[in-house]
Every structure is written in structure tokens, then in C-alpha cells.
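Protein chains in written order, with this note's numbering: chain A, 550 to 618; chain B, 550 to 618.
Just so you know, even glycine gets a beta-carbon here, dropped at the ideal spot from N, CA and C.
Every value quoted in this text rests on a predicted model; they were computed, and no experiment measured them.
Shown next, in C-alpha cells, is the structure this report addresses.
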DNA sequence: AAAATATGTAAAGCACGCTTGACATTAAAT
DNA sequence: ATTTAATGTCAAGCGTGCTTTACATATTTT
């Protein structure tokens, strides 16, 4: 399972789940499930989210299988 | 649809589709479909592929919706 | 305290990433 | 020339990302 920093960044920027959902063109349910680790984002959604937070996919998502530097 | 440089990099390194498939733990069919643009990679597969080619997802995949710099 | 906003759960359904298997075509090796 | 390796097509099926709807529980606002 891939973890992510979406909730952390969203709260830091004082954005609601609904606002983020609208910005990424998904439903609020999708944001909830992503933040709570119920499933992985698609590549496209991951990219949109990274763009929204002005970061990269590699920084926004945490891939645990590998050695974390 | 998201494009990618997988075939380009694979050939540059003289790796066969089967070898790449084995390295990424997917089937050869998945590699063929990715290279020929039949569908998008999952986030996990995109990450594995980026690692395999020692690059980042943002460099390996081309997201066309946005303004490309 | 009451109303409104924000976050969460649950469940059914569709779309698509990926697998499996079987076969066709082209290029390389002997 | 024949075999072997590499790339490709087609089709059926499974798992899961994402949607939709409906309701429950905070938290904030007035």
C-alpha cells in the first residue's frame, strides 16, 4: 500500500476535502478514501494532486517497498 | 491518455519486454500495452518502472493535459 | 442552543489496469 | 533454410479505483 501526504498538505493549506475534490475533478469520497488509505490513487490522479500542491508525485506519495533513502 | 518513454528507455538499455516485465513483476502483455498506449500504468507500476530506469515518474511519463513548460 | 459546515461510514455498480492463454509475424542465430 | 527469440494481436476474466446515494458524527458559526 502506498501512503501519501495529501491530508497533511490539505490541512496545512486550509482546503476542505470538497474543495480538493473539485480541484482534482473527483468526488469527496475519493479524497476521503485516499487520505484514509483505502486505496491507491491512479497515476493521473496522483499527478493532478501533485500539481495542486505544487510538488512531485515522488514527494507527495510514499512508496514503502524500497529503501527510503 | 498519459504517454511514456518506456519503450525508448528499454531499447536504449537493450532490455527485452520479457526482462522488463520480470523486473517490474508484471506480465509481458502489460509492458506491450503500456508501450503501445493501450492503458495507463497504476501508480505503483509507474513507480517501479521509474526506479528500474533510475528516473522519476514525472520524467518517465508525459502528462499532456497541462501546459508542458 | 440551533443551524450549518466538515468529515466519516456503508454499499452497490461501472470502468479499466493487469492476467492468462493461445496464436501470428518478424528478426536473429545456428 | 530452419530454429529460436522478440514483438505483437485478440479475447475473457478478476480486482480495484472511482462514483453515487444516503446517512451519521464532529466541529464551527451564529
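- Look at residue 610 of chain A here: in three-state DSSP terms it is strand.
- Counted as a single uninterrupted DSSP element, the alpha helix (DSSP H) harbouring residue 579 of chain B occupies residues 577-584.
- The beta carbon of residue 604 of chain A sits no closer than 8 angstroms to any beta carbon of chain B.
- The beta carbon of residue 601 of chain A is closer than 6 angstroms to those of 572 in its chain, skipping five residues each way along the sequence.
- Residue contact with chain B for residue 610 of chain A: present (Cβ-Cβ distance below 8 angstroms to some residue of chain B).
- For the region 571-602 of chain A, the set of residues with a beta-carbon nearer than 9 angstroms to any beta-carbon of chain B comprises 589, 590, 591, 592, 593, 594, 595, 596, 597, 599, 600, in chain order.
- Burial state of residue 552 of chain B is exposed, judged by a 10 Å Cβ sphere holding fewer than 16 other Cβ atoms.
- In this structure, DSSP gives residue 560 of chain A a helical state, which the three-state scheme calls helix.
- About 5 angstroms separates the Cβ atoms of residue 606 of chain B and residue 595 of chain B, confirming a contact at the 8 angstroms cut-off.
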